[in-house]
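In the numbering used here, the protein residues as written are 23 to 638. Built from N, CA and C at the ideal position, the CB exists for glycine as well. Please read these numbers as outputs of a predicted model, since none were measured by experiment. Each remark here refers to the structure printed beneath this line.
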Ligand code: ADP
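Structure representation (structure tokens):
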């Protein structure tokens, strides 16, 4: 026998323990949920190993259940399972360091909140095993790993600085956690208290829980039931406990299918988008089961990546139990299953969009990023995803949104293009020079405010056979409309003379200058070539330290605008002033397009122009 040596906890563990012990008093009872859920996970892993017959299992006849015993006289609480148990290495790794992502996120959020610990946070993350030290003077974990060559071991700690691991011959498979309660935590050795807590937190644990020998939970695989057998409350509970969620579900999808694959699925769209809280990318949360046996809680490449916000369970009898994570990745069956689920989820969202638009828009406001990411990356589902997009529009009130399908119902006769403009906000679009031409022609323009929207529109290219075109693109072809203006336009000759002079004066900065029928109030307008990176892409490229060539635009001039008319005269009468004005007009138009890269020359020139104007 080796003598046990005292091992220190990893620094993060000590930090966590300190918080757990000193600041989380309000929620102390959750340690029971955490330990029961660990026991359940260990049983789940064991059941899977049994069914997949991977290796020999120690004590194979032991029941897959969780036994809890209270002892009021000894002031202890014991939680035991016949799950996988832990080897010495696993004890050291799992109960001495923090590998668990939820616990890491918890620590991170504590750091961000400056160390104060709102009691509600703990429920959100679950701090796992260490939460037991809220109530424990000392904890002993007796264990025997399910592998054939395991040893009986006991891990002991007072939760202060470290732990010891000692040999403990004669253990049966699994883990038995004996908690010696603190003086102010004796109520956790009372059966009635523990029963109340188990009923509150553990209704969906998929293994029998026995308290002092008596069964306390009914094991339910809710997803296998038919819809009319399940109440809203049961669904919500299931979401919270089985999907380890801390909010309420926003939408749910419960269905069974027999063809092409046998499927029982229960899925939830959360209320909260946890990526908004800055914990990094959400981990996928749809688990795969085969006849109630967990195959993988986070199956790789099962659903498209953008669907990572979904939570729930998919159970299919068609899945082979012994499928491993590696084979899952290239299993045609898993892919097909994922395809069916993805299709159903898309259909659900589309339905919500048309049947409950307000509820859908609320979802969209929080989850638009995922949809847009899908449009940009998930080629397979692009068309369905496009129907889920929402934008403000020139025809809707601020804050109101519309979809591409609705836009199409409002197309004018002969209109085969969907127009959009990307700018930081509505005010910028409304004050800018592009919108007026579309307004004058009664054409709707979608307003998009995120740099990502650029990728969305360029990836989509079209919707329902209609081209998607930015109002800033030189590809916009607008018919002449009678403009209601007292101003007579310049003659065609004057326009072409002015245009060639402008091209000469502005040189390489412009590709072309022409007279425009589309302008109403603005004097000039810059149009970008179809495949040129847009203003938003350019700023992203710059942010990524890439070299960005100055953009060459096509300039359109408004032959009715008084300033343009004066310029036509000035170019011969005051050539020097006219050329300053021409360059200023170009910069003004670039500014409106968000394309003016360096304002220094522009400011200098503007000052020169002001000086001339004031000197008159
Ligand atoms: P987690 O959220 O990963 O469960 P915990 O701190 O609660 O974090 O537990 C750490 C790890 O210790 C678990 O992931 C598991 O590997 C191991 N563990 C805890 N309880 C048991 C148990 N009853 N049986 C086997 N392994 C366990």
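Using alpha carbons as the reference points, say which of the options lies closest to residue i.
i, options, result
"residue 405", "394, 415 and 413", "394"
"residue 292", "154, 308, 277 and 91", "308"
"residue 569", "591, 166, 619 and 588", "619"
"residue 484", "430, 519, 528 and 537", "430"
"residue 474", "557, 462 and 550", "557"
"residue 539", "524, 560 and 579", "579"
"residue 167", "193, 151, 157 and 152", "193"
"residue 29", "51, 186 and 58", "186"
"residue 611", "454, 469, 489 and 602", "454"
"residue 531", "550, 586 and 299", "550"
"residue 70", "38, 595, 40 and 310", "310"
"residue 107", "62, 130, 120 and 92", "62"
"residue 299", "452, 214 and 130", "130"
"residue 498", "522, 460 and 476", "460"
"residue 509", "407, 541, 370 and 470", "541"
"residue 562", "543, 545 and 476", "476"
"residue 451", "353, 470, 436 and 315", "470"
"residue 425", "409, 526 and 176", "409"
Since residue i and residue j are thought to touch, with beta carbons under 8 Å apart, how far apart are those beta carbons, to the nearest angstrom?
i, j, result
"residue 6", "residue 533", "Examination of residue 6 is not possible in this model, given that the chain is present from 23 through 638 alone."
"residue 464", "residue 434", "6 Å"
"residue 89", "residue 102", "5 Å"
"residue 336", "residue 285", "7 Å"
"residue 80", "residue 170", "6 Å"
"residue 184", "residue 31", "5 Å"
"residue 220", "residue 231", "6 Å"
"residue 613", "residue 528", "No, residue 613 and residue 528 are not in contact; Cβ-Cβ is about 15 Å, not under 8 Å."
"residue 355", "residue 210", "Contact doesn't hold; Cβ gap of about 46 Å is too wide."
"residue 275", "residue 367", "7 Å"
"residue 524", "residue 535", "4 Å"
"residue 207", "residue 157", "4 Å"
Does residue i pass the burial test, meaning 16 or more other C-beta atoms within 10 Å, or should it be called exposed?
i, result
"residue 591", "exposed"
"residue 332", "buried"
"residue 196", "buried"
"residue 564", "exposed"
"residue 403", "buried"
"residue 594", "exposed"
"residue 622", "exposed"
"residue 632", "exposed"
"residue 105", "buried"
"residue 205", "exposed"
"residue 373", "exposed"
"residue 33", "exposed"
"residue 140", "Reliability fails at residue 140, whose pLDDT of 48 lies under 50, so the model's placement of it is uncertain and the value that follows must be treated cautiously. Exposed, because fewer than 16 other Cβ atoms sit within 10 Å of the Cβ of residue 140."
"residue 180", "exposed"
"residue 639", "For residue 639 there is no data in the structure shown, the boundaries of the chain being 23 and 638."
"residue 566", "exposed"
"residue 262", "buried"
"residue 635", "exposed"
Distance check for residue j and residue i, CA to CA, integer angstroms please.
i, j, result
"residue 78", "residue 251", "39 Å"
"residue 487", "residue 606", "40 Å"
"residue 240", "residue 341", "26 Å"
"residue 154", "residue 302", "28 Å"
"residue 142", "residue 269", "Note that residue 142 has pLDDT 49, beneath the 50 cutoff, so the model's placement of it is unreliable and no number is given."
"residue 112", "residue 172", "11 Å"
"residue 51", "residue 97", "16 Å"
"residue 53", "residue 256", "23 Å"
"residue 629", "residue 604", "15 Å"
"residue 555", "residue 495", "11 Å"
"residue 163", "residue 397", "49 Å"
"residue 399", "residue 328", "9 Å"
"residue 519", "residue 625", "28 Å"
"residue 84", "residue 94", "27 Å"
"residue 596", "residue 588", "11 Å"
"residue 428", "residue 466", "11 Å"
"residue 59", "residue 212", "20 Å"
"residue 217", "residue 294", "31 Å"
"residue 65", "residue 198", "13 Å"
"residue 290", "residue 381", "15 Å"
"residue 582", "residue 370", "52 Å"
"residue 264", "residue 448", "42 Å"
"residue 188", "residue 260", "39 Å"
Touching or not, the region 382 to 400 and the region 434 to 442, by the rule of three or more beta carbon pairs under 8 Å?
Touching, no, given that fewer than three Cβ pairs across the two stretches are closer than 8 Å.
Three or more C-beta pairs closer than 8 Å, one from the region 106 to 116 and one from the region 228 to 243: is that the case here?
Cβ pair count under 8 Å is below three, so no.
So, does the region 315 to 326 touch the region 360 to 380, judging by three or more C-beta pairs under 8 Å?
As far as the Cβ criterion goes, the region 315 to 326 touches the region 360 to 380, which means the pair count is three or higher.
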